[in-house]
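The structure under discussion appears below in the form of structure tokens.
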Amino acid sequence: HTATVMGGPTTFTLNPDADFAAGERCTVIVESTAVTDMDADDPPDEMAADFSFSFTTGPLVTTIAQVQGAAHLSPLTGRVVTVEGIVTARRTAGGRGVWLQDPVGDADIATSEGMFVFTGATPTAAVGDAVRATGTVAEFRGGCADPCTPERGSGFNNLTITQLTSSNANLQALSNGNPLPAATVIGTGGRIPPTETIDDDTSSTRSVEETNDFEPADDAIDFYEALEGMLVRVDAGAAVVGPTKSFGEFTVLPNGGVWASGIRTPRGGILYSTYADGNPERIQVDDEILRDLAPAPRPARAMPDMDVGALVTSPLVGPLDYTFANYKIQATTIPTFTPSTIAREVTAAPRDQELAVATFNVENLSVKDPQAKFDQLAAIVVDNLRAPDLIGIEEVQDDSGFTDDGVVDASQTWSRLIAAIQGTGGPLYEFRSINPLDKQDGEAPGGNIRVGFLFRTDRGLSFVDRPGGDATTPTAVVDHPSRPRLSLSPGRIDPASPAYAETRKSLAGEFRFRGKKLFAVVVHFSSKGGDQPLFGRFQPPTRSSEVARRGQAEVVADFVDELRDADPNAYVVVLGDVNDFQFSETVEILGEGGLSTFVNELPASERYSYVFGGNSQVLDQILGTSPVLGRLVEYDIVHVNSEYAVQESDHDPSVARIEMIGRS
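Residue numbers (our numbering): 5 to 668.
Following this line, the structure appears as structure tokens:
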């Protein structure tokens, strides 16, 4: 902007908030003498005697779309602004405030017409009020401590919410009882998000907040950002692909998933089958507003229980929010739905010469848990898994549970689970495990979770005990005329390896089944905690936790290699929570040790044992050497937990039936 004043003494007033955009400079020419480098924050110190120059102060009167901008960060961050809009929803607990939306807008799909106004106190404005709001534009990054660093909370990876920091005193009601702006439809008849690409414009060393590329038509992370704070609607007929979770959120595919590009599971989910496609057509629905509206005391959740395969029969309407690394519709009414018809699966029982081996993550099981949890887990083992001969168990806590008191023994927990199985009509199982050192195996410091074996002996399976195994002593492969054996059984595999720092150590055991020798390894590799989220600010996400799992896979692969070198025909199975996908480098490393994952024997649409954020995916696996794979009768992921709102564990167990014939 250039303002030219000619003639004698004149006062010329520029309002930087009204006359200039953020960052623009102005030049004032007085009788052909230029005074340059002047901006709103740094007016010139000296002016011609016959010229007075002043900047007006006060909030910038602007629109919500201009505050939001066509970007992840507002171009007006830090500025005091005044905007007008209709109150579409309120938050009266937690982050208190209101959502405002411009009922007219600028017709640009790249700029949101809605935003959250944080009032701090319970807002006085009501839904339907037309409001003039004055406050400071801020970018709020939820869950991020100050200073915001990776070490100070997972919020470091979150996107920000563009919001106005205001107060009730600065919300002026212009009128009441106005109709709400029409909600933007996500799906058929409205805006359809990209179905494969979350973002392809940045690198993991840069944030989407730093790039100038903002492409709502091509990148899902920009698509949802362009709707941030706006009233959106998913029409009736949405398919539930992620069950209602403990905090009240669930995940849907709009329009029953008819335009979804991801692989659908036979039971109604959507498969996470490649890093390149995170299924961004999924939309989470949350109940923070519904909890606010519920009678006091505020409930822990207000959303009904819905399982994968349910069909939502009412529209899902609410402002588009972002919390815990996901865009979410904050529903304003409780949805109605047709319940899912999926039934908890039952696997086939083994025939006479078949050995049934399984893996089951029992989710922080402790003797401190209610008896009901033990009974329900026992029912799964007996009724759904058909009481396998051998079960690799993950996440058994010590006998004091989460209490951090130095206790590491878990004998009472194991015994109570065994009693519950027998009390449910199952066989008598035995267990083998090794207590960890206190606080050395990760997860809750007081829980000391560990892996172990449950096995039944009434069908011909026996455990070969070779004593001496403890938390720090590794087992070894020993050559023997009657083929290799373990020096310690049960015994930990290289527990001193740096790859196992603060995580569960893999456990090996030697078994015999009707004269045939079997080596089993139960694993629980490091979790995915610390990985950057699919809808985080760094794209593509860095999966930092893979480093530990790759190291752990190398330890197990080397051990299996030793067994195979000693006996190329050795029966070896690896069971457990690999905490990684069948297409991951972790599993590739295990493959280099001569192991094949049985997941790949299933049709692609059935490859999942866990549901996270609506993505059905593989975490739990059974792998075997080629002699085992050649005798695999059936591999079955038994879907009893992950797709349900009410779960006994968040993992589905798996069972493999192996025909144990041939060499002993």
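Just so you know, even glycine gets a beta-carbon here, dropped at the ideal spot from N, CA and C.
Being a predicted model, the structure only gives us computed values, none of them experimental.
Return the chain-ordered list of same chain residues with a C-beta closer than 8 Å to the C-beta of residue 309, the five sequence neighbours on each side being excluded. As a first step, residue 309 must be located in the sequence shown, where it is residue number 305. Within the same chain, residue 309 has close Cβ partners 247, 248, 649 and 650.
On the three-state DSSP scale, how would you describe residue 590? As a first step, residue 590 is located in the sequence shown; it is residue number 586 there, counting from the start. In this structure, residue 590 counts as helix in the three-state DSSP scheme.
Measure the alpha-carbon distance for residue 116 versus residue 149 and round it to whole angstroms. Within the sequence shown, the letter at position 112 stands for residue 116. Within the sequence shown, the letter at position 145 stands for residue 149. CA-to-CA, the gap between residue 116 and residue 149 works out to about 27 Å.
Could you compute how far the alpha carbon of residue 432 sits from the alpha carbon of residue 458? Counting from one through the sequence shown, the residue named residue 432 turns up at place 428. Counting from one through the sequence shown, the residue named residue 458 turns up at place 454. Residue 432 and residue 458: Cα-Cα distance of roughly 10 Å.
Exposed or buried, residue 326, counting other C-beta atoms within 10 Å across all chains shown (16 or more means buried)? Stepping through the sequence shown from its first residue, residue 326 is reached at position 322. Residue 326 comes out buried.
Could you give the DSSP three-state label for residue 166: helix, strand or coil? Within the sequence shown, residue 166 is the residue found at index 162, counting from 1. Looking at residue 166 - three-state DSSP - the assignment turns out to be strand.
Just to confirm, does residue 228 get its C-beta within under 7 Å of one of the non-hydrogen atoms of the ligand NAD? In the structure shown, the ligand NAD is absent, as is every other ligand, since no ligand is present at all.
Find out if the Cβ-Cβ distance for the pair residue 370, residue 339 is shorter than 8 Å. Here residue 370 is taken as the residue at index 366 of the sequence shown, counted from 1. Here residue 339 is taken as the residue at index 335 of the sequence shown, counted from 1. Result no, Cβ atoms of residue 370 and residue 339 do not sit closer than 8 Å.
Kindly indicate the opening and closing residues of the beta strand (DSSP E) around residue 418. On the sequence shown, residue 418 is found 414 positions in, with the first residue counted as 1. Counting along the chain, residue 418 sits inside no beta strand (DSSP E); it lies in the alpha helix (DSSP H) bounded by residues 415-427.
Under a Cβ-count criterion, where at least 16 other Cβ atoms within 10 Å of its own Cβ denotes burial, should residue 156 be classed as buried or exposed? Residue 156 sits at position 152 when you count from the first residue of the sequence shown. The C-beta of residue 156 has fewer than 16 other C-beta atoms within 10 Å across all chains shown, which makes the residue exposed.
Within the continuous alpha helix (DSSP H) that includes residue 376, where are the two ends? As a working mapping, residue 376 is identified with position 372 in the sequence shown. Run containing residue 376: 375-383, per the alpha helix (DSSP H) assignment.
Expressed to the nearest angstrom, what Euclidean distance is found between the alpha-carbon atoms of residue 436 and residue 494? Within the sequence shown, the letter at position 432 stands for residue 436. Within the sequence shown, the letter at position 490 stands for residue 494. Using only the alpha carbons, I get a separation of about 7 Å.
Rounded C-alpha distance that separates residue 158 from residue 597: Against the sequence shown, residue 158 aligns to sequence position 154. Against the sequence shown, residue 597 aligns to sequence position 593. For residue 158 and residue 597, the gap between their C-alpha atoms comes out near 34 Å.
Which of helix, strand or coil DSSP assigns to residue 80: Here residue 80 corresponds to residue number 76 of the sequence shown, with the count starting at 1. Note: residue 80 maps to coil in three-state DSSP.
With a floor of 3 residues, list each beta strand (DSSP E) that falls wholly inside the region 540-612, ordered by position along the chain. DSSP runs (the beta strand (DSSP E)) wholly in the region 540-612: 576-581.
Within a Cβ cutoff of 7 Å, which residues of the same chain sit near residue 378, ignoring the five residues on either side of it in sequence? The residue given as residue 378 occupies position 374 in the sequence shown. So the qualifying residues of the chain are 420, 421 and 424.
Whole-angstrom distance between residue 122 and residue 382, CA atom to CA atom: Here residue 382 corresponds to residue number 378 of the sequence shown, with the count starting at 1. Here residue 122 corresponds to residue number 118 of the sequence shown, with the count starting at 1. Straight-line Cα distance between these residues: approximately 49 Å.
Beta-carbon proximity list for residue 663, same chain, < 7 Å, skipping 5 on both sides: Position 659 of the sequence shown holds residue 663. Shown here for residue 663: same chain residues with a beta carbon closer than 7 Å to its own, the five before and five after excluded, namely 357, 358, 635 and 637 in chain order.
7 Å Cβ shell around residue 120 - same chain, five flanking residues per side excluded: Along the sequence shown, one-based indexing puts residue 120 at 116. Only residues of its own chain outside the window of five on either side were considered, and among them 101, 103, 165, 167 and 233 have a CB closer than 7 Å to the CB of residue 120, listed in chain order.
Assign residue 185 to one of three DSSP states: helix, strand, or coil. Along the sequence shown, one-based indexing puts residue 185 at 181. Residue 185 falls in the coil class under three-state DSSP.
With H, G and I counted as helix, E and B as strand and the rest as coil, what does DSSP make of residue 306? Counting from one through the sequence shown, the residue named residue 306 turns up at place 302. Residue state, collapsed to three classes: coil.
Could you check which residue in 622, 627 and 629 has the C-alpha nearest to that of residue 654? Mapped onto the sequence shown, residue 654 falls at position 650. Nearest option by C-alpha distance: 622.
Using 8 Å for Cβ pairs, my map puts residue 492 next to residue 473. What's the rounded Cβ distance? Here residue 492 is taken as the residue at index 488 of the sequence shown, counted from 1. Here residue 473 is taken as the residue at index 469 of the sequence shown, counted from 1. Confirmed, about 4 Å.
Element boundaries [beta strand (DSSP E), containing residue 324]: Numbered from its first residue, the sequence shown carries residue 324 at position 320. Its beta strand (DSSP E) spans residues 320-327.
Three-state class that DSSP yields for residue 531 in the structure shown: Locating residue 531 in the sequence shown gives position 527, where the first residue counts as 1. Correct three-state label for residue 531: coil.
Under three-state DSSP, which class holds residue 290? Counting from one through the sequence shown, the residue named residue 290 turns up at place 286. Reduced to three states, the DSSP call for residue 290 is strand.
Three-state secondary structure (DSSP) of residue 46: The count along the sequence shown starts at 1 and reaches residue 46 at position 42. Legend: pLDDT at residue 46 = 48, less than 50; position of this residue unreliable, value from coordinates given subsequently. Strand at residue 46.
If you count every other CB in all the chains shown that lies within 10 Å of the CB of residue 497, and 16 or more means buried, which is it? Against the sequence shown, residue 497 aligns to sequence position 493. Per the 10 Å Cβ criterion, buried.
Please state whether DSSP places residue 650 in a helix, a strand or coil. Numbered from its first residue, the sequence shown carries residue 650 at position 646. Reduced to three states, the DSSP call for residue 650 is coil.
Please classify residue 553 as buried or exposed, where buried requires at least 16 other C-beta atoms within 10 Å of its C-beta. Counted from its first residue, the sequence shown places residue 553 at position 549. Result: buried.
Taking C-beta to C-beta, are residue 384 and residue 271 nearer than 8 Å? The residue given as residue 384 occupies position 380 in the sequence shown. The residue given as residue 271 occupies position 267 in the sequence shown. Not a contact, by the Cβ cut-off of 8 Å.
Residue(s) in a DSSP beta bridge with residue 671: Outside the shown range of the chain, which is 5 to 668, sits residue 671, and nothing can be said about it.
C-beta contact flag for residue 647 and residue 590 at 8 Å: Here residue 647 refers to the residue found at position 643 of the sequence shown. Here residue 590 refers to the residue found at position 586 of the sequence shown. Between residue 647 and residue 590, the CB-CB gap reaches or exceeds 8 Å.
In angstroms with no decimal places, state the Cα-to-Cα distance between residue 205 and residue 227. Taking the sequence shown and counting its residues from 1, one reaches residue 205 at position 201. Taking the sequence shown and counting its residues from 1, one reaches residue 227 at position 223. Looking at the two C-alpha atoms, the distance is approximately 14 Å.
What number of angstroms, rounded off, separates the C-alpha of residue 442 from the C-alpha of residue 448? The count along the sequence shown starts at 1 and reaches residue 442 at position 438. The count along the sequence shown starts at 1 and reaches residue 448 at position 444. So the two alpha carbons sit approximately 11 Å from each other.
Going by DSSP, what residue range makes up the beta strand (DSSP E) through residue 106? As a first step, residue 106 must be located in the sequence shown, where it is residue number 102. No beta strand (DSSP E) holds residue 106; DSSP gives it neither H nor E.
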